[in-house]
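Sequential numbering of the sequence shown, starting at 1, is according to full-length UniProt numbering.
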Amino acid sequence: MKIYLALISAAALTLSACSQEPAAPAASAPAGSAASAEASAASSPAASDAAPAAASSADTACQTVIEAGDDMKYNKTEINISKSCKEYTITLKHMGTMPKAAMGHDLVIAKSEDVDGVAKDGATAGAENDFIKAGDERIIAHTKLIGGGEEVTVKVDTGKFSAGNKYEFFCTFPGHLAMMRGTVNLVD
Ligand SMILES: [Cu+2]
């Protein structure tokens, strides 16, 4: 009797095992096809969902945020601009609290050999001109001068860069150049 029960339960186990085994692949097959059907059905809405995502990742690649503070430093020493970017957006944030007159910052891009001249002429141009010489053709791009708590954005036309030149970003507030200077790299 015990053997019989054992056989039954064994059979039951086998049955349940058997019923589960074919059920599992059977379930996974439709589940898989359902998933792929769902995926293909969703591919058109997913594509429209993916489009903004792709666009935003491209935007991320063509923009950067640079912070500067009362410590007279940028938080980055280089800006890497993809050659695929026609336009590159740089946002400069002044994380400090000091006023523009005391600890103003801007971000100017020029060829390395022009940096000193641009900064010198900017200092001469004075605070009323945000330490930028009007019409300075050596300047590839520049933000306006900002004080603590402010931020500013500049769009850089990457067509102004040419191969074989070295470019830098820097601050033209008098005395800041030595501390606030980094490289601009054009990358693939
Ligand atoms: Cu500065």
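Note that the Cβ used here is the ideal one computed from N, Cα and C, for glycine as well.
Under 8 Å, do residue i and residue j count as touching if we go by C-beta distance?
i, j, result
"D136", "V118", "yes"
"G69", "P99", "no"
"I109", "A61", "no"
"V152", "I79", "no"
"residue 197", "N75", "Residue 197 lies beyond the range of the chain shown here (1 to 188); nothing can be said about it."
May I ask you to list the residues that DSSP assigns as paired with residue i?
i, result
"K93", "E67 and E151"
"G135", "DSSP output for G135 lists no bridge partner at all."
Please state whether DSSP places residue i in a helix, a strand or coil.
i, result
"S84", "coil"
"N129", "helix"
"T172", "coil"
"E113", "helix"
"A141", "strand"
"T158", "helix"
"G104", "coil"
"G164", "coil"
"M180", "coil"
Counting only the same chain and skipping the five closest in sequence on each side, list residues whose C-beta sits under 8 Å from that of residue i.
i, result
"T97", "D70, G148 and G149"
Apart from the five residues just before and just after residue i, which ones in its own chain have a Cβ nearer than 7 Å to its Cβ?
i, result
"D188", "K83"
"F170", "V108, V115, A119, L177, M180 and R181"
Tell me which residues share the same chain as residue i and place their Cβ nearer than 6 Å to its Cβ, disregarding the 5 neighbours each side in the sequence.
i, result
"N165", "K111"
"P174", "A123"
Are the region 153-163 and the region 81-89 touching, with three or more C-beta to C-beta distances below 8 Å? yes
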